[in-house]
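Below is one structure; the comments refer to it alone.
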Amino acid sequence: MDIGEQEQRAKHIALDLLSRREHSALELKRKIERHKNLVDVDIDALIAELIKNDWLSHHRFAQSFIRSRRNKGQGPVKITYELRQRGLQDAEFVDFINEVEDWHDLAYEVLSRRFEASGNDVKAIQKQQRFLAQRGFQFEQIKYATQQLNRRSD
Numbered sequence: 024m025d026i027g028e029q030e031q032r033a034k035h036i037a038l039d040l041l042s043r044r045e046h047s048a049l050e051l052k053r054k055i056e057r058h059k060n061l062v063d064v065d066i067d068a069l070i071a072e073l074i075k076n077d078w079l080s081h082h083r084f085a086q087s088f089i090r091s092r093r094n095k096g097q098g099p100v101k102i103t104y105e106l107r108q109r110g111l112q113d114a115e116f117v118d119f120i121n122e123v124e125d126w127h128d129l130a131y132e133v134l135s136r137r138f139e140a141s142g143n144d145v146k147a148i149q150k151q152q153r154f155l156a157q158r159g160f161q162f163e164q165i166k167y168a169t170q171q172l173n174r175r176s177d
């Protein structure tokens, strides 16, 4: 395969991946690099072209990713960490994290699906707090959710 054919193949692979779901530039680069027959392709130039043509957008990716993770019951800390792992800068997604209506209500919703009210049982409350911390919620959100849940048993 000559260089022109390799570049066409790389572009085809990239567009195929992007047609299925949004990707970050880093994710897309890693997936294209996995193809062994694309040795001489300038992947960075390809990604620049995709961004220029608005086929690849970190803003769209961030919005989609945040919506998906929020629907799975994950909090802002975990979502932020995962977006950074995918090569996004805070400026590219922090506004979308802040747009989410209320992380406190989501934390309560996630907690109430998993746990029953435990009153003043310290061990049970600590277990609830650990659960929400692992899901990526902030301390204030965890405190709010556990208080709301355990207030029901009073």
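Everything in the sequence shown is counted per our numbering, starting at 24 for the first residue and increasing by one. Positions of the beta carbon are idealized from the N, C-alpha and C atoms, including for glycine.
- For the options V100, L69 and R136, the alpha carbon positioned closest to that of D113 is the one of V100.
- Assigned with DSSP and collapsed to three states, D144 falls in coil, not helix or strand.
- An exposed status is given to G27, since fewer than 16 other beta-carbon atoms sit within 10 Å of its beta-carbon.
- Each residue's CA atom was taken as its position, placing H127 and N173 some 15 Å apart.
- In this structure, A68 lies away from L51, with their beta-carbon atoms at least 8 Å apart.
- In this structure, the beta-carbon distance from Q157 to Y131 does not fall below 8 Å.
- Three or more Cβ pairs closer than 8 Å define a contact, and the region 79-96 falls short of that threshold against the region 53-64.
- Distance from the CA atom of H81 to the CA atom of S47, rounded to whole angstroms, is 6 Å.
- Secondary structure at N60: coil, using DSSP grouped into helix, strand and coil.
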